[in-house]
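Numbering (UniProt numbering), first residue to last: 1 to 327. Where is the CB? At the ideal position from N, CA and C, for every residue including glycine. Below is one structure, written out as structure tokens; comments come after it.
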Amino acid sequence: MSRAVDALTMKPLPPTPAFLSRKPHGDRVGIVHHVPLGVLPANTWGSHIERAFLSTTHAKMYLAINALAIDSCVMGKSNMYRKSDLVQVPDSFFAYDDDGEESRALQVPSHICDSSDGQGDEGTEILMKARPLTRFGIFLAEDNMLALSLWRPPLNLAHRVAPGDVAHVAVGDIHTITEYAKRRMRWIRVRRYMVPEATYLEPFTESLVAGVLGWLGIYCWVLTPMVGMLQGRVYWLSFALFYVSHLLAWHCVDVQVLCALQSGNPLPPAERTSFRVAWCLRELLALPIWLWAMLGTTVTWRGKRYQILKDGRASRIEAGSQGALAD
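As structure tokens, this is what we get:
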């Protein structure tokens, strides 16, 4: 906690890489957050795959985007920010309903006022104190939108990953691989409207796609000028050798990321086989899940179906017929 407080009160750090000499985003830090680390998976493949995702691919992208400071990238598992900054977020950041009326983000649920036991002044005070935070309730990813509101004008506040700490996220019991796939699909559909550029570029950060692109680059710009065009079996053997080496190197990097998040502690021998299998399954599923997410706009959250709107909000819809690519 003390390190997070120090990070919140210190001046923002310059973005990496240092040779670009870029200035920090904003004059002070608006939010301190922690890198999520998946722990305590249930003995199901869905849970093991989720853990592998959080502790490798997700962690790499999370740290990279925050180090480059090109946009807001925050997961709300462990955040520290100032309430006084939320008060300054303008209502214009929040969307309005299609009929032009103020959205429910600018309101507070009635049960909060009921807690005042009929004392109008006290109820009004509670309402006003709760309003800065409750406005984010219209978003499914309210943690990301809260961080985005601090990043964007007029506040323009920097984000800081807490140094030396991680947020231990209990993966829990994700029973099946299908359940894991739906979980990933849901958040890709939400992110598509919040951070579209990063979402559309996501396949190019995956090992299988990156390996193909890497081979094409090496073949066209290195091998062909040096030895000429490869033909038949020689071409495919060369491709297979490169691709397997690429995947092994990628896996080794991911394992090192996991160890670094665990304060340098490697995986126990009893967990290594299940982790490797889960890692392979995650890499194989990544692109199909992304394609599935791109072909729909609805998600199921806690038993209810929602339509993801272009402003990042979620509109509840009545249960109806679902196609093959629905959530």
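Three-way DSSP call (helix, strand, coil) for residue i in this model
i, result
"alanine 198", "helix"
"histidine 159", "strand"
"leucine 13", "coil"
"proline 24", "coil"
"threonine 56", "coil"
"aspartate 173", "coil"
"glycine 312", "coil"
Exposed unless 16 or more other CB atoms sit within 10 angstroms - verdict on residue i
i, result
"glycine 30", "buried"
"tryptophan 279", "buried"
"histidine 34", "buried"
"phenylalanine 53", "buried"
"glycine 303", "exposed"
"serine 72", "buried"
"valine 171", "buried"
"methionine 194", "buried"
Reference residue i; option with closest CA among the options
i, options, result
"serine 21", "Leu68, Gly232 and Leu261", "Leu68"
"leucine 248", "Leu208, Pro266 and Leu287", "Leu208"
"isoleucine 65", "Tyr243, Thr273, Thr199 and Asn265", "Thr199"
"histidine 93", "Ser2, Ala181, Val212 and Pro132", "One point to set straight first is that residue 93 is phenylalanine, not histidine, in the sequence displayed. It is Pro132 whose Cα lies nearest to the Cα of phenylalanine 93."
"residue 371", "Val89, Arg189 and Leu8", "The displayed coordinates of the chain run from 1 to 327. Any statement about residue 371 would go beyond what the structure contains."
"alanine 270", "Asn43, Met10 and Met1", "Asn43"
"valine 89", "Asp6, Val299 and Pro154", "Pro154"
Beta-carbon proximity check, residue i vs residue j, cutoff 7 Å
i, j, result
"proline 24", "proline 12", "yes"
"arginine 282", "isoleucine 49", "yes"
"leucine 157", "leucine 148", "no"
"lysine 77", "alanine 167", "yes"
"leucine 8", "methionine 61", "no"
"leucine 284", "serine 55", "no"
"arginine 3", "glycine 264", "no"
Span separating the alpha-carbon of residue i from that of residue j
i, j, result
"residue 357", "valine 87", "This structure gives no information on residue 357, because the portion of the chain shown stretches from 1 to 327."
"arginine 186", "valine 74", "17 Å"
"arginine 313", "glutamate 142", "9 Å"
"glycine 46", "glycine 26", "40 Å"
"glutamate 232", "serine 245", "Note on identity: in this sequence residue 232 is glycine, with glutamate being the wrong assignment. Cα-Cα distance, rounded: 20 Å."
"isoleucine 218", "threonine 134", "52 Å"
"cysteine 220", "leucine 230", "10 Å"
"proline 203", "lysine 129", "42 Å"
"leucine 106", "phenylalanine 136", "Any reading at leucine 106 must be qualified, since the residue scores a pLDDT of 45, below 50, and its modelled position is unreliable; no value is offered."
"threonine 57", "threonine 124", "46 Å"
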